[in-house]
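Everything below concerns the one structure shown next.
Number of protein chains: 2
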Amino acid sequence: MKISCLKSNLLSSIQTVYRAVSSKSTMSIIECILIDAREDMIKLTANNMELAIETILNGDIIEHGSVALDAKILQDIVRHLPDSDISISVEDNLLTVIKCEKSEFKIVGKRADEFPALPEVEKDDPLVISHLTLKDMVRQTIFSISENDNNKVMGGEFIEVKDNNLKIVSLDGHRISIRKIELKNEHEDIKAIVPGKTLNEVSKIISNDINKTINIYFTDKHVLFEFEDTIVVSRVIEGEYFNIDQMLSNDYETKFEIKKSELLNCIERSTLLVDETNKKPIIISITDDNMELKINSVIGSMNEEIDISKDGQDITIGFNPRFLIDALRVIDDETITVYMVNPKAPCIIKNDTETYTYLILPVNFNTVQ
Amino acid sequence: MKISCLKSNLLSSIQTVYRAVSSKSTMSIIECILIDAREDMIKLTANNMELAIETILNGDIIEHGSVALDAKILQDIVRHLPDSDISISVEDNLLTVIKCEKSEFKIVGKRADEFPALPEVEKDDPLVISHLTLKDMVRQTIFSISENDNNKVMGGEFIEVKDNNLKIVSLDGHRISIRKIELKNEHEDIKAIVPGKTLNEVSKIISNDINKTINIYFTDKHVLFEFEDTIVVSRVIEGEYFNIDQMLSNDYETKFEIKKSELLNCIERSTLLVDETNKKPIIISITDDNMELKINSVIGSMNEEIDISKDGQDITIGFNPRFLIDALRVIDDETITVYMVNPKAPCIIKNDTETYTYLILPVNFNTVQ
Numbered sequence: 476m477k478i479s480c481l482k483s484n485l486l487s488s489i490q491t492v493y494r495a496v497s498s499k500s501t502m503s504i505i506e507c508i509l510i511d512a513r514e515d516m517i518k519l520t521a522n523n524m525e526l527a528i529e530t531i532l533n534g535d536i537i538e539h540g541s542v543a544l545d546a547k548i549l550q551d552i553v554r555h556l557p558d559s560d561i562s563i564s565v566e567d568n569l570l571t572v573i574k575c576e577k578s579e580f581k582i583v584g585k586r587a588d589e590f591p592a593l594p595e596v597e598k599d600d601p602l603v604i605s606h607l608t609l610k611d612m613v614r615q616t617i618f619s620i621s622e623n624d625n626n627k628v629m630g631g632e633f634i635e636v637k638d639n640n641l642k643i644v645s646l647d648g649h650r651i652s653i654r655k656i657e658l659k660n661e662h663e664d665i666k667a668i669v670p671g672k673t674l675n676e677v678s679k680i681i682s683n684d685i686n687k688t689i690n691i692y693f694t695d696k697h698v699l700f701e702f703e704d705t706i707v708v709s710r711v712i713e714g715e716y717f718n719i720d721q722m723l724s725n726d727y728e729t730k731f732e733i734k735k736s737e738l739l740n741c742i743e744r745s746t747l748l749v750d751e752t753n754k755k756p757i758i759i760s761i762t763d764d765n766m767e768l769k770i771n772s773v774i775g776s777m778n779e780e781i782d783i784s785k786d787g788q789d790i791t792i793g794f795n796p797r798f799l800i801d802a803l804r805v806i807d808d809e810t811i812t813v814y815m816v817n818p819k820a821p822c823i824i825k826n827d828t829e830t831y832t833y834l835i836l837p838v839n840f841n842t843v844q
Numbered sequence: 476m477k478i479s480c481l482k483s484n485l486l487s488s489i490q491t492v493y494r495a496v497s498s499k500s501t502m503s504i505i506e507c508i509l510i511d512a513r514e515d516m517i518k519l520t521a522n523n524m525e526l527a528i529e530t531i532l533n534g535d536i537i538e539h540g541s542v543a544l545d546a547k548i549l550q551d552i553v554r555h556l557p558d559s560d561i562s563i564s565v566e567d568n569l570l571t572v573i574k575c576e577k578s579e580f581k582i583v584g585k586r587a588d589e590f591p592a593l594p595e596v597e598k599d600d601p602l603v604i605s606h607l608t609l610k611d612m613v614r615q616t617i618f619s620i621s622e623n624d625n626n627k628v629m630g631g632e633f634i635e636v637k638d639n640n641l642k643i644v645s646l647d648g649h650r651i652s653i654r655k656i657e658l659k660n661e662h663e664d665i666k667a668i669v670p671g672k673t674l675n676e677v678s679k680i681i682s683n684d685i686n687k688t689i690n691i692y693f694t695d696k697h698v699l700f701e702f703e704d705t706i707v708v709s710r711v712i713e714g715e716y717f718n719i720d721q722m723l724s725n726d727y728e729t730k731f732e733i734k735k736s737e738l739l740n741c742i743e744r745s746t747l748l749v750d751e752t753n754k755k756p757i758i759i760s761i762t763d764d765n766m767e768l769k770i771n772s773v774i775g776s777m778n779e780e781i782d783i784s785k786d787g788q789d790i791t792i793g794f795n796p797r798f799l800i801d802a803l804r805v806i807d808d809e810t811i812t813v814y815m816v817n818p819k820a821p822c823i824i825k826n827d828t829e830t831y832t833y834l835i836l837p838v839n840f841n842t843v844q
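In order, the protein sequences belong to chains A and B.
In short: position in the first sequence from 1, add 475, done, that's the numbering used here.
In short: position in the second sequence from 1, add 475, done, that's the numbering used here.
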């Protein structure tokens, strides 16, 4: 094999597939990137057996062939070479020569046929959304997946298409995050649970462009994301997701509007007084036009007030401040609406069109603190 | 005590003294910042017993007094408060109330008289240099101090004033770094060894301003840096420093000029092939107008050439690439001059006026690699 390309193209392709390189494995082949120029284009592939990424490298094939190179060493070398043409050629015994201007590196590669093949995914009827929309929907829900291995479906996000609406849901034992959009094109119904790690990695590769689209294909076992010159293939999580609708309710006893940034800043301040070994709830008392927030720990105490606009009952309720912060940080609205029922029922933060819904369980607290 | 000040002033004063807060100590008082408003100004002090920093806080004293507050908690709280006026007042039992707009924190402080006093340093005949000059001189030498506890003087920088020249020197067993400037004002001779940590911290606090000056006072036991509203006091390292002059020589067999960035980039690339467990020298062969650099390790090999302009003998010599990189990174000149004697003698990188001199020992290598 002998190929030649611009350093900038090679580096960007390496960085794209790098997210699927296994970092610690007993199989050194999956710590490699496969460079495949056997046919009429150059493809770079990484595959850690959970997630695989393949991208097309813009360059010239001088001699067809292929080689798998240690991903970390390849990336380090390419990153440090001058901004110029790079040639990669494989000599006898897989000795691979990487040349750029007056610099020449030699490293030993592995055989391409040792490299695990990508799963076959039939590309039929794609779900089409923009890069930015997918990125936003993931960012605004991913924080409430659960790392808990006891329940595998909680480690993924539930992706549902129904009546031409796309819904992405995540939940752990304490909260539920939901984002919903209307699809531009008709699409048949979908239900799939996609690993959080896959969605995170895809989010990092795709652009912030609202005008570029990404095609997503689902099968029983796999999901494939296709955009520009890149495909990402991942296993889906098998199993039945939770019935979310029965956990949500439109009833409330207290409803108020509040400036998001004021609430967020205040709760962030309150966490200065708690840590892993010393967890305390933030206690929120809602009266007419006023929210009082209190936290009390061995480190000290905080007391703060925020103006609100309230309908319904007064209420005093406690929360894990972390859960409120996670939701508030990803909401883009400046003013938010919060719904509460009683100190033991979940509170819900949502907008009128329900493009976002965050449900958070309260925690018990002793009012006589 | 009751004081009031702008959040921005308080935060900046806390951040200045924070560098002298002890991070892990059995004495919780030295993890505190002392706020002292007993007299006519507000002083913040931190003192970890090696290094002490005191700064004046611009604010109003409403009631004289003092309190020591946990530095981390104080900094966290102040950083998260709104950009507004902050008041700090001490109530009964050292309960300290920090108020800002509608936010109120209460934490328990410690008594000021538990806080260790700053060492007394007589301020007589200061050494005066600009912020930027001190910062540069430290940055360009500090990397070659030794962390080795067996020889305490190697953990500091040697500061010498002689014949109106200021020289800063650091060395470990493998290299020597020297920066020299001519002083603007006459000053009597000084010899002192200042801990590397002290110089690092002072460098971080002072500005990049060439027009602002810093006064440095030396006594047998201490060094005091005075600038703007801040003083830094540190112990000096006791002992006799090495006789540097007898390690340097003006003789050479090979002298060449080279573009610094080309050499640095090449050596940085070569280190991709070495790591902690697999150290290898970079082998440099100098012939007329050409430098060849080679490195060989279990990971792979690198070979590169750079144009130079040479006087004297051809030479092949090996170096720890790290030591060359450290020196090259801090030299501001675009073209540098390197002097060599033989493969077992140190090489010297210096400019004509010797405002900087870097001596680096070579390492043995097997030419039949």
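The beta carbon of each residue, even a glycine, is placed where N, CA and C say it ideally should be.
For residue i, does the three-state DSSP call read helix, strand or coil?
i	result
residue 441 of chain B	The structure shown does not extend to residue 441 of chain B, since chain B spans only 476 to 844, so no value can be given for it.
residue 612 of chain B	helix
residue 549 of chain B	helix
residue 802 of chain A	helix
residue 826 of chain B	coil
residue 485 of chain B	helix
residue 723 of chain B	coil
residue 750 of chain A	strand
residue 843 of chain B	Caution applies to residue 843 of chain B, whose pLDDT of 44 falls short of 50 and renders its modelled position unreliable; the value that the coordinates give is listed next. It is coil, neither helix nor strand.
residue 677 of chain A	helix
Spatial neighbours of residue i within its chain, please: C-beta separation below 7 Å, excluding the five flanking residues on both sides.
i	result
residue 580 of chain A	552 and 573
residue 661 of chain A	639
Between the C-alpha atoms of residue i and residue j, what's the straight-line distance to the nearest angstrom?
i	j	result
residue 616 of chain A	residue 655 of chain A	11 Å
residue 589 of chain B	residue 556 of chain A	57 Å
residue 777 of chain A	residue 629 of chain B	48 Å
residue 704 of chain A	residue 487 of chain A	12 Å
residue 853 of chain A	residue 799 of chain A	Nothing about residue 853 of chain A can be read from this structure; chain A reaches only from 476 to 844.
residue 733 of chain B	residue 811 of chain B	6 Å
residue 596 of chain B	residue 688 of chain B	19 Å
residue 726 of chain A	residue 805 of chain A	24 Å
residue 843 of chain A	residue 771 of chain A	Since pLDDT at residue 843 of chain A reaches only 44, below the 50 mark, its modelled position is unreliable, and the value read off the structure follows with that caveat. Roughly 11 Å separates the two Cα atoms.
residue 698 of chain B	residue 582 of chain B	35 Å
residue 802 of chain B	residue 649 of chain B	12 Å
residue 647 of chain A	residue 610 of chain A	21 Å
residue 624 of chain B	residue 519 of chain A	49 Å
residue 612 of chain A	residue 834 of chain A	16 Å
residue 742 of chain B	residue 797 of chain B	8 Å
residue 565 of chain A	residue 816 of chain B	40 Å
Could you pull the DSSP bridge partners for residue i from this structure?
i	result
residue 511 of chain A	A:518 and A:541
residue 629 of chain B	According to DSSP, which records beta bridges pairwise, residue 629 of chain B is partnered with nothing at all.
residue 779 of chain A	A:768 and B:578
residue 731 of chain B	B:785 and B:813
residue 793 of chain A	A:758 and A:838
residue 527 of chain B	B:522 and B:708
residue 534 of chain A	A:480
residue 603 of chain B	B:690
residue 654 of chain B	B:643 and B:831
residue 634 of chain B	B:643 and B:667
residue 561 of chain B	B:480
residue 700 of chain B	B:691 and B:707
What residues in its chain sit with their C-beta under 6 Å from that of residue i, if we drop five residues either side in the sequence?
i	result
residue 644 of chain A	633, 653 and 719
residue 478 of chain A	512, 517, 534, 536 and 563
residue 832 of chain A	653 and 825
residue 641 of chain B	656 and 658
residue 666 of chain B	635
Near residue i, what residues of its chain come up, given a Cβ to Cβ distance below 8 Å and the 5 sequence neighbours on each side ignored?
i	result
residue 622 of chain A	630
With respect to 8 Å, is the separation between the Cβ of residue i and the closest non-hydrogen atom of the ligand MN below this value?
i	result
residue 619 of chain B	Among the ligands in the structure shown, none appear at all, so the ligand MN cannot be discussed.
Three or more C-beta pairs closer than 8 Å, one from the region 525-535 of chain A and one from the region 711-721 of chain A: is that the case here?
Contact annotation: the region 525-535 of chain A does not touch the region 711-721 of chain A, with fewer than three C-beta pairs closer than 8 Å.
Do three or more CB pairs link the region 760-767 of chain A to the region 823-836 of chain A at distances below 8 Å?
No, the region 760-767 of chain A is not in contact with the region 823-836 of chain A.
Three or more C-beta pairs below 8 Å linking the region 477-496 of chain B and the region 817-826 of chain A:
These segments do not touch.
For the pair the region 783-793 of chain B and the region 749-765 of chain B, tell me if three or more CB-CB distances fall below 8 Å.
Contact holds: three or more Cβ-Cβ distances are below 8 Å.
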